[in-house]
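> Right, I'll just put the structure down here and ask away after.
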Amino acid sequence: MSKPKLGLGSRLVIGGIAGFVGTLAMTAAMRRMHQKLPAEERYPLTPREIIDSAGGEALPDEATKDVTTAAHFAYGAASGSLLGAISPRTGPAGGALAGVGIWLASYMGWIPAARILKPATEHPRRRNLLMIGAHLVWGAATALSMRELRQARETMGRSRQGCAGG
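Counted the way the working numbering counts, the sequence shown spans residues 738 to 903.
Now the structure itself:
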């Protein structure tokens, strides 16, 4: 029996939730890897640098941390929606590859093109490796989350008709 085809709206919802979950895994990985950088490279990671560069008027540090966190998770959820729309049944390896693609498109593409940050080639090698690793984690976790959400969706989506006692 073939798997039911998911509509675009369902793929966007599943991908968005999975991308949010993937961002949690990514953020945990970023925090752990950041602690292992040499002291001179332990300045704020690129999500904060993006907010600082694009933010305009300076906010208090606590507010900037909140905005950075919200923007980081929103971008992860939006990227997950895109992945869900394009490839809702991708596995962890395909998800990891998609994560690296998002890193390339962002840090070598639209972010420097918008003059928010310099391209990744002008950042320290270890910080780039950290961010690539974090995007591998995001992609694999997002793909696994999409699979779990697709399966859970079928359980949540059954009607009571035809069920014993229903």
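No residue lacks a Cβ here, since even glycine has one placed at the ideal position from N, Cα and C. Because the structure is a prediction, the values reported are computed rather than measured.
What did DSSP end up calling Ile853 once you bin it into helix, strand or coil?
Residue state, collapsed to three classes: coil.
> Using three-state DSSP, classify Leu774 as helix, strand or coil.
coil
> Taking C-alpha atoms, which residue in Met868, Val874 and Met883 lies nearest to Pro781?
Met868
> Determine the extent of the alpha helix (DSSP H) in which Leu820 is found, giving its start and end residues.
Asp798 to Ile823
> Starting from Ala833, follow the alpha helix (DSSP H) in both directions and report where the run begins and ends.
Pro829 to Ala842
> For Gly756 versus Gly813, is the C-beta spacing smaller than 7 Å?
yes
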